[in-house]
Amino acid sequence: MGYSKMKEREIRLVNEFRKNSRRSLTNIGMNIDMPLSTVFKAVNRLYKGQVITKNICLIDFAQMGFPYKLGIFLTTGKKDELKKFLAEHTNLNTLLRLSGDYDFYVELIFKDMAGLQDFADELKDMQLIKKISIHFVTDVKQEEFKIGGEK
Amino acid sequence: MKMSDLLIVSYLRQNARIKLTDMSRATKIPVSTLFDKIKTFEVHGLIRKNTALVRFERFGYQAKAMIVFSARKKDRQKLLELLNKNGNVNSLCRINNEWDYMVEVVFPGVKEVEDFLEDIEEQVNLKNKKIFYVIDEIKKEEFLANPKTAQMIWGTQK
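This is the structure:
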């Protein structure tokens, strides 16, 4: 099988996983007209090659009792130290390394304002921050991108 | 929200493809209860979506960026519609403090990101915009994605 054919199969599969990753492989295969054995092999390739890094469930944290979602842009003089602190924080959801005006974007989820204030105090006490921009975040859409512009 | 609900969600956050039998074994919750609970979570919108996190660069999408926008009140709805319908916008949210919207975009390269911004600016009178290219995704969607820490968080939230 040619490389492009294989790539095309992988793209179709990845897009199906993006739509709903909890479906059975049989169901996914039926949706894209692909035999189960082919689906199985291709999916294994996608996992082994770390193309699909994780199957996750996106949830409404507010309904779970965590209504405060914070997005913070940060600049520091001590990247490793700050990265370690943020990466290990219990309330961390997402941590990205950025280029440009800020070193990191971090997204944290909190139950109440007190938790949020504790985090801000911890950060202040560490004296690592050169520049910070804090925002409350309300999701409109999440993880909707499909390869090749498929709807 | 009960501890058992939090546990179910955290197992799904850890691996959305987990089999109910495996989750049942780990949580000691019967499969039928898990099935019903997950259905209820879906119906009530607590579970928004089960999806795969993908390294898009493997398919030629080398540029990932976070972009923040602000626009005058009369232009905000149009900006929101444009961002919402664009297929390269992976995630979109409202934000406060000087900005109105933040998006995460995925494009083949920097040129396409710049074209996207130019296109938006042609259609909406923006007050301001700022772009930050993503160099590395250190962690993504990790909150409540570990049943052990979920139990710990539950303990501190009571």
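Chains as they are written, first to last, in the working numbering: chain R, 1 to 151; chain D, 152 to 309. Ideal Cβ positions, reconstructed from N, Cα and C, are used throughout, including at glycine.
>> Counting only Cβ-Cβ distances shorter than 9 Å, please list the residues of the segment 46-63 of chain R near chain D, keeping chain order.
In response: Listed in sequence order: L46, G49, Q50, V51, I52, T53, K54, N55, I56, C57, L58, I59, D60, F61 and Q63.
>> So that I know if they touch, is there some Cβ in chain R lying closer than 8 Å to that of D:L277?
In response: Numbered from 1 along the second sequence, position 126 holds the residue referred to as residue 277 of chain D. Cβ-Cβ to chain R under 8 Å: no for D:L277.
> Taking three-plus beta-carbon pairs below 8 Å as touching, is the segment 83-101 of chain R in contact with the segment 135-142 of chain R?
Replying inline: Touching, no, given that fewer than three Cβ pairs across the two stretches are closer than 8 Å.
> Is it the case that the Cβ atoms of R:K168 and R:F119 are separated by a distance below 8 Å?
Replying inline: This structure cannot speak to residue 168 of chain R, because chain R is shown only from 1 to 151.
>> Am I right that D:W250 and D:V219 are in contact with their C-beta atoms under 8 Å? What's the rounded C-beta distance?
In response: Counting from one through the second sequence, the residue named residue 250 of chain D turns up at place 99. Counting from one through the second sequence, the residue named residue 219 of chain D turns up at place 68. 4 Å between Cβ atoms; contact.
>> By DSSP's criteria, R:G71 is part of a beta bridge. Which residues make up the other side?
In response: Here residue 71 of chain R corresponds to residue number 71 of the first sequence, with the count starting at 1. Per DSSP, R:E107 and R:H135.
> Thinking just about the alpha-carbon of each residue, which of D:K224, D:A203 and D:P298 is nearest to the one in R:I11?
Replying inline: Counting from one through the first sequence, the residue named residue 11 of chain R turns up at place 11. Put simply, of D:K224, D:A203 and D:P298 the residue whose alpha carbon is nearest the alpha carbon of R:I11 is D:A203.
> So with Cβ pairs under 8 Å, would you call D:R168 a contact of chain R?
Replying inline: Taking the second sequence and counting its residues from 1, the one referred to as residue 168 of chain D is at position 17. At a cut-off of 8 Å between beta carbons, D:R168 contacts chain R.
>> Could you check whether the segment 157-171 of chain D touches the segment 59-74 of chain R, counting it as contact only if at least three pairs of C-beta atoms, one from each stretch, sit closer than 8 Å?
In response: At 8 Å Cβ cutoff, the stretches touch.
> Does the separation of the CB atoms of R:K130 and R:R18 fall below 8 Å?
Replying inline: Start at 1 with the first residue of the first sequence, and residue 130 of chain R comes out as number 130. Start at 1 with the first residue of the first sequence, and residue 18 of chain R comes out as number 18. Contact flag unset, no.
> In three-state DSSP terms, what is D:R206?
Replying inline: Walking along the second sequence from the start, residue 206 of chain D turns up at place 55. Coil at D:R206, not helix or strand.
>> Helix, strand or coil, according to DSSP, for D:K290 in the structure here?
In response: Residue 290 of chain D sits at position 139 when you count from the first residue of the second sequence. In this structure, D:K290 counts as strand in the three-state DSSP scheme.
> By a C-beta neighbour count over all protein chains shown, 10 Å radius and 16 as the cutoff for buried, is R:L36 buried or exposed?
Replying inline: For the purposes of this step, residue 36 of chain R is taken as the residue at position 36 of the first sequence. Counting Cβ neighbours within 10 Å, R:L36 comes out exposed, since fewer than 16 surround it.
>> For a quick check, are the C-beta atoms of D:V240 and R:V14 less than 8 Å apart?
In response: What you label residue 240 of chain D is simply residue 89 of the second sequence in a count that begins at 1. What you label residue 14 of chain R is simply residue 14 of the first sequence in a count that begins at 1. Cβ atoms of D:V240 and R:V14: not closer than 8 Å.
>> Per the DSSP calculation, D:E232 is bridged to which residue(s)?
In response: Reading the second sequence from its first residue, position 81 is the one you call residue 232 of chain D. None; D:E232 has no bridge partner.
>> Residues of the segment 122-147 of chain R in Cβ contact with chain D at a cutoff of 8 Å, in chain order, please.
In response: Residues of the segment 122-147 of chain R with a C-beta atom less than 8 Å from some C-beta of chain D are S133, I134, H135, F136, V137, T138, D139, V140, K141, Q142, E143, E144, F145, K146 and I147, listed in chain order.
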